[in-house]
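Note sheet for the following structure.
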Amino acid sequence: MARILMIDDDPDIIESLRLVLEAHGHEVHELASTRHVVEDVKRVAPDLIILDVMFPEDPQGGFKAARQLHREPGVNVIPVILLSAVNQRSRLGFAFTDSDISEDFMPVQRFIEKPIEPKLLLDLIAELLS
Amino acid sequence: MSSLPRTDDAPGHSVIRWWTPNKGDEIRLRRRELQDRIWWSVMVRWGFVLVGAIGTLLGAFDLLPVHVSPDLLGGATAGLAVTNLVYSLLAGRVRDGRISALTPRRFLLLEVTTDFAVLSVLTYALGTIETPTVALFLANIVLLTLHCTWKQSFTMTFVAAFFASAPVVLTGTGVLPVRSVLGSDLPVRLADNPTLTSGYVLGVFIIFLTCWYVVAQLAAGLQTRERRLQEDYDRLVQVGEQKTRGTLRATHELKAPLAAIKSYVYAMRDGYTGELAPGTRKVVLRIGERCDLLMHRISQIIHLANLKTVEWSQLNFQVVELPALLAEEVEEAAVMGQARGVVLRWSPRSVPSAAIMASTAELRTMLSNILANAVDYSYEDGIVTVEVITDDVGVHCTIADRGIGIPSECVGRIFEDHFRTDNAVRHRPNGSGLGMAIVAEVVRLHEAQISVSSALERGTSMTVTFPHPEAFRRDQR
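The structure is reproduced here in structure tokens:
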């Protein structure tokens with residue numbers, strides 16, 4: 004079973020997903036901010052990261068965190084799932100779809116929209132960790 | 316951005332043609348107005364060529380009551396005909412922007428300069444001051460003052476005065492022989508008297524400049540009013556966009572907590588919080604359904620707000636085969652229709668191939684919304700007919716149902732945000748009233764037009780007319 008780090012400012016999203024993930028034996032750690040994301044990830048040493056996009060301190064905090072992690076040797080091998088309530092066609096200063104996943108713009112393994120069906124999330128985690 | 320409905324109601328049958336203006340339409344309209352004027356002046360000139368040709372023929376057989384030189388009149392007419400033929404050929408290319416160096420305004424300046432030269436010859440041929448030919452210069456000065464800059468029209472007024480007085484000056488200085496068409500001694504007296512010649516030239520300059528000044532003042536007043544109206548319109552558009560962006564952020568703020576609620580619902584439904592009693596499970600599922608409905612509405616608001624703030628140049632427009640793409644959407648709608656006993660079928664008139672310029676994602680949204688409406692507001696066992704036909708105007712896509720219809724007084728409002736008719740609310744209580752507003756925005760982005768024809772309890776037919784690919788935003792590409 005895996006150690007999963009959830010980075011999201013919404014405690015209810017973390018809590019609802021924790022119920023699902025812990026029931027399947029995963030160890031869930033949480034972070035509410037991306038301010039010291041590289042240090043926090045190094046400290047927790049997760050197998051997988053679930054990352055929100057918009058944070059109160061920075062509406063594009065998730066993207067920036069993903070780029071910081073991608074640049075950091077040692078942690079850039081950890082798979083990242085970007086999980087956001089932002090509509091894929093939103094024009095809140097940025098717009099993106101799955102096809103925008105790239106090393107420069109969105110260096111993550113998957114982008115999914117909240118809320119996610121528990122089974123889909125579990126299958127995705129299994130796929131990324133396999 | 317406001318939308319302009321045009322209605323044409325008949326008893327029991329309401330029709331609306333909907334067109335939403337795009338940014339930059341006012342510039343295109345102004346440019347088109349100038350192009351129309353150019354075309355109009357070319358046509359008027361052909362009229363003069365015809366009159367000149369008849370006059371030359373009659374003059375050649377000495378059938379005119381006045382003494383017009385057939386050589387001079389014929390020469391001026393031939394000159395006008397040749398230059399006008401060139402302009403007729405060029406006008407189309409200028410309109411299509413195929414000659415980048417020749418803007419419609421430069422084209423107008425060139426045309427008018429030629430007119431001045433031809434009018435100068437005509438003034439001489441028709442006995443200088445014996446006939447009012449010189450007044451024809453004024454029509455061109457008015458045209459220039461309305462469509463060119465202050466400096467351009469002022470300079471061209473001097474050019475006009477120069478060409479208008481040239482025959483008098485040239486006969487007065489003996490360069491050209493004096494001509495008379497009426498047999499009066501006026502041209503001779505004018506040519507022989509330097510004071511009269513100078514007075515005539517001065518008079519022409521004063522009259523022309525006065526005409527230019529009066530028209531320029533009137534035009535400046537109208538332009539100021541037009542500019543103020545444009546500024547007010549721009550401000551309204553800006554306020555509308557700010558409002559839309561505010562809506563976008565606010566709805567996103569609503570979506571995040573709803574996503575959290577739905578996430579809990581998933582966890583409870585799948586038993587991650589323990590086994591649920593049947594009654595509790597029913598309530599949890601109902602909460603989930605209401606959450607889905609609310610999230611769908613929020614997504615629609617966000618989608619509509621996105622469409623309202625986006626311009627066509629920000630989307631990926633490409634040539635799309637409309638019948639093929641529509642067939643995929645019809646297939647999806649047919650599944651929805653099956654559940655409600657509604658059949659979707661293609662009209663036998665429909666063409667298998669019709670290309671349009673479209674942004675595929677937005678086009679799909681538009682077609683699926685119209686099809687979903689047709690299915691939703693059909694009666695049980697209803698039929699929805701789909702048709703794509705083409706003609707010179709464009710590609711017409713019609714989706715017609717035999718459903719509940721739209722009350723005639725409401726047809727003009729169906730593209731407004733959140734508008735729903737009473738019969739629609741009774742038939743489908745959970746609709747958002749945003750589907751048609753989204754359709755209207757997609758229609759705007761595709762420079763298309765939509766017309767709606769509806770009869771209460773008999774059905775509704777919607778036709779979207781797309782321009783042919785070569786005509787799509789031709790003057791903006």
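So the protein lines, in turn, are chains C and X.
Quick note on numbering: this note's numbering labels position 113 of the first sequence as 116, and the sequence is numbered without any gaps.
Quick note on numbering: this note's numbering labels position 450 of the second sequence as 765, and the sequence is numbered without any gaps.
Glycine included, every Cβ here is placed at the ideal spot set by N, Cα and C.
Item: Start and end of the alpha helix (DSSP H) containing Phe478(X)?; Value: 465-487
Item: Give the DSSP-derived three-state secondary structure of Gln112(C) in the structure shown.; Value: coil
Item: Using 8 Å as the threshold, is the C-beta distance between Leu491(X) and Tyr439(X) below it?; Value: yes
Item: Can you tell me the Cβ-Cβ gap for Ala534(X) and Leu424(X), rounded? I've got them flagged as a contact below 8 Å.; Value: Not a contact, Cβ separation roughly 16 Å.
Item: Can you find the residues in the same chain that come closer than 6 Å, C-beta to C-beta, to Leu95(C), ignoring five residues on each side of it along the sequence?; Value: Its pLDDT being 43, under 50, Leu95(C) is placed unreliably by the model, and the measurement read from it follows with that caveat. Excluding positions up to five away in sequence, the list is empty.
Item: Enumerated in chain order, which unbroken segments of the beta strand (DSSP E) with a length of 3 residues or greater are wholly contained in the stretch 418-458 of chain X?; Value: none
Item: Using a C-beta to C-beta distance shorter than 9 Å, which residues of chain X count as neighbours of Glu1(C)?; Value: Residue coverage of chain C in this structure runs from 4 to 133, which leaves residue 1(C) outside it and unanswerable.
Item: Is the CB of Thr675(X) under 8 Å away from at least one CB in chain C?; Value: no
Item: For Pro320(X), name the three-state secondary structure that DSSP assigns.; Value: Confidence is the limiting factor: at Pro320(X) the pLDDT is only 45, short of 50, which leaves the residue's position unreliable, though a coordinate-based value still follows. Three-state DSSP puts Pro320(X) in a strand.
Item: Grab me the residues of Ile53(C)'s own chain with a C-beta within less than 6 Å of its C-beta, minus the 5 sequence neighbours each way, in chain order.; Value: Met9, Ile84, Leu86
Item: Leaving out five residues on either side along the sequence, give the residues of the same chain with a beta carbon under 7 Å from the beta carbon of Lys570(X).; Value: Met610, Ile613
Item: Return no unless some Cβ of chain C is closer than 8 Å to the Cβ of Thr264(X).; Value: As shown, chain X starts at 316 and ends at 792. That puts residue 264(X) outside it, with no answer to give.
Item: Going by DSSP, what residues sit across from Ala715(X) in a beta bridge?; Value: Thr700(X), Ser776(X)
Item: Nearest CA to the CA of Val754(X): which residue from Ala687(X), Pro722(X), Arg788(X)?; Value: Ala687(X)
Item: Measure the beta-carbon distance from Ile685(X) to Met777(X) and round it to whole angstroms, keeping in mind my assumption that it falls under 8 Å.; Value: 5 Å
Item: Anything in chain X within Cβ reach of Glu120(C), meaning under 8 Å, just list it in chain order.; Value: Tyr581
Item: When we look at the beta-carbon of Ala669(X) and count the other beta-carbons within 10 Å, is it buried (16 or more) or exposed?; Value: buried
Item: Does DSSP classify Asp61(C) as helix, strand or coil?; Value: strand
Item: Quick check: Gly774(X) and Arg728(X), are their CB atoms within less than 8 Å of each other?; Value: no
Item: Using only CA atoms, which one of Thr429(X), Leu388(X), Ser403(X) lies nearest to Met358(X)?; Value: Ser403(X)
Item: What residue range does the alpha helix (DSSP H) around Gln615(X) cover?; Value: 593-624
Item: Tell me the residue span of the alpha helix (DSSP H) that contains Arg741(X).; Value: 737-742
Item: Closer than 8 Å, CB to CB, is Ala755(X) near chain C or not?; Value: no
Item: Are the stretch 648-665 of chain X and the stretch 696-716 of chain X touching by the rule of at least three beta carbon pairs closer than 8 Å?; Value: yes
Item: Is His462(X) helix, strand or coil by DSSP?; Value: helix
Item: Using 8 Å as the threshold, is the stretch 416-436 of chain X in touch with the stretch 450-457 of chain X, meaning 3 or more CB pairs across them?; Value: yes
Item: Cβ of Glu785(X) less than 8 Å from any chain C Cβ?; Value: no
Item: May I ask you to list the residues that DSSP assigns as paired with His32(C)?; Value: Leu8(C)
Item: Compile a chain-ordered list of the residues in the stretch 17-31 of chain C whose CB is closer than 7 Å to at least one CB of chain X.; Value: Ser19, Leu20, Leu22, Val23, Ala26
Item: Determine which residues share a DSSP beta bridge with Arg352(X) and list them.; Value: Its beta-bridge partners do not exist; DSSP assigns none.
Item: For Gln615(X), count neighbouring Cβ atoms within 10 angstroms of its own Cβ and tell me buried if that reaches 16, exposed if not.; Value: buried
Item: Which residues in chain C sit within 7 Å of Ser628(X), going by Cβ to Cβ distance?; Value: Those do not exist, as Ser628(X) stays about 14 Å from chain C at its closest Cβ, beyond 7 Å.
Item: What does the Cβ neighbour count give for Met672(X), buried or exposed, with the cut at 16 atoms within 10 Å?; Value: buried
Item: What first and last residue would you give for the alpha helix (DSSP H) that runs through Phe128(C)?; Value: With the sequence shown as reference, residue 128(C) is identified as Ile, and Phe is not the correct amino acid for it. 121-132 is the extent of the alpha helix (DSSP H) around Ile128(C).
Item: For Arg542(X) and Ser36(C), I'd like the C-alpha separation in whole angstroms.; Value: 50 Å
Item: What separation, rounded to the nearest whole angstrom, lies between the Cα atoms of Val80(C) and His742(X)?; Value: 54 Å
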